[in-house]
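**Student:** Its first residue numbered 4, the sequence shown is counted upward by one per residue in this note's numbering.
C-beta: ideal position from N, C-alpha, C; glycine also.
Predicted model, so just to flag it, every value in this text is computed and none were measured.
First, the structure itself, so that you have it in front of you.
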Amino acid sequence: MFIYSLPLFFTHIGLASPLDLLIIFTALFAVLFISSLFGGENPQKQSSDNYLFAAWNGSAPLKWAFWPFFLILNACLYTADTLVKAGLFTVSGWDDVHLMLLLPIVWWTTAVWRCSPNSTLSVWAACARLLTLGVFFEYALKLLIRIDYPRLFFGCDELLLDYGSCF
């Protein structure tokens, strides 16, 4: 997450400085931490044989709802971005990967927010919620790069079949 998008955002786009984003994310973390202190009691854990359903209902532990998908998501995003930077993946293929991951991200965000009261410490609940919001910020950055600055990220000089996507 943010391996290729934040450097482009800071060096070429320049809508905010690193200090601005640090202040925003720190304030957001503080709000999420305070809300996790007062925001919910631990629901009664229901035994469920289905992991996806248990996470969706909020009866799974936070670490089981957060970590597996977070690692898979970051591996997919990193692989897609690296292949595009190497010129081995087209712009429309990159779009397809991000579009395919969008619905699982919505499921994951819902599961993490529902399972947050199941964490041992409120700081972990706040961190998990902040990282789910960070994924949506990453998607917003990638959409901005894709629409307004495609020549910065994609090797538009090397793409022959998908050259129209660079305009």
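Looking at the secondary structure, which residues open and close the alpha helix (DSSP H) in which T85 lies?
**Tutor:** Residue 85 sits at position 82 when you count from the first residue of the sequence shown. Where T85 is concerned, the enclosing alpha helix (DSSP H) stretches over 65-88.
**Student:** DSSP three-state call for L175: helix, strand or coil?
**Tutor:** The structure shown does not extend to residue 175, since the chain spans only 4 to 170, so no value can be given for it.
**Student:** Apply the 10 Å Cβ neighbour rule to H101 and answer buried if 16 or more other Cβ atoms are within range, or exposed otherwise.
**Tutor:** For the purposes of this step, residue 101 is taken as residue 98 along the sequence shown, with counting starting at 1. Buried.
**Student:** Just the Cα atoms here: how many angstroms apart are F28 and L133?
**Tutor:** Sequence index remark: in the sequence shown, residue 28 carries index 25 (1-based). Sequence index remark: in the sequence shown, residue 133 carries index 130 (1-based). Using only the alpha carbons, I get a separation of about 8 Å.
**Student:** Assuming W59 and T113 are in contact, meaning their beta carbons sit under 8 Å apart, how far apart are those beta carbons, in whole angstroms?
**Tutor:** Position 56 of the sequence shown holds residue 59. Position 110 of the sequence shown holds residue 113. Confirmed, Cβ separation roughly 7 Å.
**Student:** For Y7, count neighbouring C-beta atoms within 10 Å of its own C-beta (all shown protein chains included) and say buried if the count is 16 or more, exposed if not.
**Tutor:** In the sequence shown, counting from the first residue as 1, residue 7 sits at position 4. By the 10 Å Cβ count, Y7 comes out buried.
**Student:** Would you kindly check if the distance between the Cβ of P107 and the Cβ of G3 is under 9 Å?
**Tutor:** Lying outside 4 to 170, the shown extent of the chain, residue 3 is not represented and no answer is given.
**Student:** Could you check which residue in L55, S122, F139, A129 has the C-alpha nearest to that of F36?
**Tutor:** Against the sequence shown, residue 36 aligns to sequence position 33. Nearest C-alpha to F36: A129.
**Student:** Can you grab the Cα-Cα spacing for the pair L117 / L76, in whole Å?
**Tutor:** Locating residue 117 in the sequence shown gives position 114, where the first residue counts as 1. Locating residue 76 in the sequence shown gives position 73, where the first residue counts as 1. Before going further, note that residue 117 is Arg rather than Leu in the sequence given. In a straight line, the C-alpha of R117 is about 19 Å away from that of L76.
**Student:** To the nearest whole angstrom, what separates the beta carbons of F156 and I148, a pair I think is in contact under 8 Å?
**Tutor:** If you number the sequence shown from 1, residue 156 lands on position 153. If you number the sequence shown from 1, residue 148 lands on position 145. Contact holds; Cβ gap of about 5 Å.
**Student:** Helix, strand or coil for L18, going by three-state DSSP, please let me know.
**Tutor:** The residue labelled residue 18 in the question sits at position 15 within the sequence shown. It is coil, neither helix nor strand.
**Student:** If you run the structure through DSSP and keep just helix, strand and coil, what is D151?
**Tutor:** Here the question's residue 151 lines up with position 148 in the sequence shown. Looking at D151 - three-state DSSP - the assignment turns out to be helix.
**Student:** Can you find the residues in the same chain that come closer than 7 Å, C-beta to C-beta, to F5, ignoring five residues on each side of it along the sequence?
**Tutor:** Mapped onto the sequence shown, residue 5 falls at position 2. These residues qualify, in order along the chain: E141.
**Student:** Would you mind stating whether W203 and D84 have Cβ atoms separated by less than 9 Å?
**Tutor:** With the chain covering 4 to 170 only, the question about residue 203 has no answer from this structure.
**Student:** Roughly how many whole angstroms lie between the Cα atoms of L171 and L80?
**Tutor:** Residue coverage of the chain in this structure runs from 4 to 170, which leaves residue 171 outside it and unanswerable.
**Student:** Do L65 and V115 have their C-beta atoms closer together than 9 Å?
**Tutor:** Against the sequence shown, residue 65 aligns to sequence position 62. Against the sequence shown, residue 115 aligns to sequence position 112. Their beta carbons are under 9 Å apart, which means L65 touches V115 by this criterion.
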